[in-house]
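Asks:
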């Protein structure tokens, strides 16, 4: 869509603009992390580039930040997304609130203002799985949210599909929380208890009626359920092991191809 060409032109025209071109599309949060680390001023503002977050609303975030908060979210008065996108967004926020204990998670948005000092909390974070909102909780508990306008999308279509939002939620849950493992443990305990009750039922029928207890389909279905729970739990454990493997390889969150500043081209590569 010629975005980089436009960024180059703006960076060469305005001294206060720096353009960063990544080697490939690493995802929104990975790209944001790269930009956050390159920022040079006391306050960082993140927003979408499709003007659904009106720049005129930025002073509201800064005014709220001046009250002593470290992070302020611009919560849309009325979101201008489709039904499925809104539903997936709410599920993601619910996951943030339940897994990470973030009380303002239901008001989280991509329109944020926060103090640059917070990035020291994740200065050494190096993983391909990034959630900016979780990383911000590593540095502060002073969160706030304020209502802002949310304009309808004028051009193009959002790259955030329902599938991508579900994947992001799953990555966030398994990458920054032990909640999935805890849920797997609860499932294990629940089905262990269910198995004990079935065993008591079988023994009781045997003692009362004598002979074998009928119901092979019932037993077969229970075995299938237990096997499914075991495979589900192994899948969660495998996901955590895979993330540990990726971290041991030191796979970066992003790699910079080029940095453009006012009237000069600087080649840099991020380690």
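Numbering (full-length UniProt numbering), first residue to last: 1 to 271. The beta carbon of each residue, even a glycine, is placed where N, CA and C say it ideally should be.
From 55, 62, 112 and 42, pick the residue whose C-alpha is nearest to that of residue 74; which is it?
Replies: Position 74 of the chain shown holds residue 74. That would be 112, whose Cα lies nearest to the Cα of residue 74.
Asks: Which class does residue 188 belong to by DSSP, given the choice of helix, strand or coil?
Replies: Numbered from 1 along the chain shown, position 188 holds the residue referred to as residue 188. DSSP places residue 188 in helix when its eight states are reduced to three.
Asks: Assuming residue 110 and residue 48 are in contact, meaning their beta carbons sit under 8 Å apart, how far apart are those beta carbons, in whole angstroms?
Replies: Here residue 110 corresponds to residue number 110 of the chain shown, with the count starting at 1. Here residue 48 corresponds to residue number 48 of the chain shown, with the count starting at 1. Confirmed, Cβ separation roughly 6 Å.
Asks: Among 21, 9 and 14, which residue has its Cα nearest to the Cα of residue 256?
Replies: Indexing the chain shown from 1 puts residue 256 at position 256. Of the candidates 21, 9 and 14, the one whose C-alpha sits nearest the C-alpha of residue 256 is 21.
Asks: Residue 26 and residue 248 - do their beta-carbons sit closer together than 8 Å?
Replies: As a working note, residue 248 is residue 248 in the chain shown. As a working note, residue 26 is residue 26 in the chain shown. Contact flag unset, no.
Asks: Taking CB distances under 8 Å as the criterion, tell me whether residue 26 reaches chain B.
Replies: Of the chains in the structure shown, none is chain B; there is only one protein chain.
Asks: Alpha carbons only, please: which of 252, 170 and 51 is nearest the one belonging to residue 23?
Replies: In the chain shown, counting from the first residue as 1, residue 23 sits at position 23. With distances taken between Cα atoms, residue 23 lies closest to 252.
Asks: Looking only at its chain, what residues have a beta carbon closer than 7 Å to the beta carbon of residue 261, apart from the 5 residues adjacent to it on each side?
Replies: Stepping through the chain shown from its first residue, residue 261 is reached at position 261. Answer for residue 261: 11 and 18, listed in chain order.
Asks: For residue 265, does the count of other Cβ atoms within 10 angstroms reach 16, so buried, or fall short, so exposed?
Replies: Taking the first residue of the chain shown as position 1, residue 265 is located at position 265. Legend: pLDDT at residue 265 = 48, less than 50; position of this residue unreliable, no value from coordinates given.
Asks: For the putative contact between residue 134 and residue 33, defined by C-beta atoms under 8 Å, what is the C-beta separation to the nearest angstrom?
Replies: If you number the chain shown from 1, residue 134 lands on position 134. If you number the chain shown from 1, residue 33 lands on position 33. Not really, about 11 Å apart at Cβ, beyond 8 Å.
Asks: Assign residue 6 to buried or exposed, taking buried as 16 or more other Cβ atoms, counted over all protein chains shown, within 10 Å of its Cβ.
Replies: To locate residue 6, count along the chain shown from 1; it is residue 6. With fewer than 16 Cβ atoms within 10 Å of its Cβ, residue 6 is classed as exposed.
Asks: By a C-beta neighbour count over all protein chains shown, 10 Å radius and 16 as the cutoff for buried, is residue 199 buried or exposed?
Replies: Within the chain shown, the letter at position 199 stands for residue 199. When all chains shown are included, residue 199 counts as exposed.
Asks: At 4 residues or longer, what runs of the alpha helix (DSSP H) sit wholly inside the segment 18-66?
Replies: For the segment 18-66, whole alpha helix (DSSP H) runs of length 4 or above, ordered along the chain, are 28-38 and 58-65.
Asks: Please classify residue 229: does DSSP put it in a helix, a strand, or coil?
Replies: If you number the chain shown from 1, residue 229 lands on position 229. Helix at residue 229.
Asks: Hey, out of 61, 232, 170 and 137, whose CA is closest to residue 149's CA?
Replies: As a working mapping, residue 149 is identified with position 149 in the chain shown. Of the listed residues, the one whose Cα sits closest to residue 149 is 61.
Asks: Which residues in the same chain have their Cβ closer than 7 Å to the Cβ of residue 239, if we skip the five residues on either side of it in sequence?
Replies: The count along the chain shown starts at 1 and reaches residue 239 at position 239. The answer, listed in chain order, is 174.
Asks: DSSP puts residue 258 in a beta bridge; with which residues?
Replies: Walking along the chain shown from the start, residue 258 turns up at place 258. Residue 258 is bridged to 21.
Asks: Check whether the Cβ atoms of residue 153 and residue 139 lie closer than 8 Å to each other.
Replies: Stepping through the chain shown from its first residue, residue 153 is reached at position 153. Stepping through the chain shown from its first residue, residue 139 is reached at position 139. No. Outside cutoff.
Asks: When the distance is taken between beta carbons, is residue 147 closer than 8 Å to residue 51?
Replies: Locating residue 51 in the chain shown gives position 51, where the first residue counts as 1. Locating residue 147 in the chain shown gives position 147, where the first residue counts as 1. No, they are not a contact pair.
Asks: Following the continuous beta strand (DSSP E) through residue 75, name the residue where it begins and the one where it ends.
Replies: Looking up residue 75 in the chain shown gives position 75. Start and end: 71-76.
Asks: What's the gap between the Cα of residue 71 and the Cα of residue 41?
Replies: Mapped onto the chain shown, residue 71 falls at position 71. Mapped onto the chain shown, residue 41 falls at position 41. Taking the straight line from one Cα to the other gives about 15 Å.
Asks: Return the bridge partner residues of residue 144 from the DSSP annotation.
Replies: On the chain shown, position 144 is the one that residue 144 refers to. The partner list for residue 144 (beta bridge, DSSP) reads 72.
Asks: What is the DSSP secondary structure of residue 199, reduced to helix, strand or coil?
Replies: What you label residue 199 is simply residue 199 of the chain shown in a count that begins at 1. Three-state DSSP puts residue 199 in a helix.
Asks: Which one or two residues does DSSP pair with residue 114 in a beta bridge?
Replies: On the chain shown, position 114 is the one that residue 114 refers to. For residue 114, which the question treats as bridged, DSSP gives the partners 44 and 71.
Asks: Measure the alpha-carbon distance for residue 76 versus residue 106 and round it to whole angstroms.
Replies: To locate residue 76, count along the chain shown from 1; it is residue 76. To locate residue 106, count along the chain shown from 1; it is residue 106. Using only the alpha carbons, I get a separation of about 11 Å.
Asks: Could you tell me the alpha carbon to alpha carbon distance between residue 185 and residue 223, rounded to whole angstroms?
Replies: For this step, residue 185 is matched to residue 185 along the chain shown. For this step, residue 223 is matched to residue 223 along the chain shown. If I take the Cα positions, the gap works out to 18 Å.
Asks: Rounded to whole angstroms, what's the CA-CA distance from residue 188 to residue 164? Just pull it up for me.
Replies: Counting from 1 along the chain shown, the entry for residue 188 is found at position 188. Counting from 1 along the chain shown, the entry for residue 164 is found at position 164. Each residue's Cα considered, the two are about 29 Å apart.
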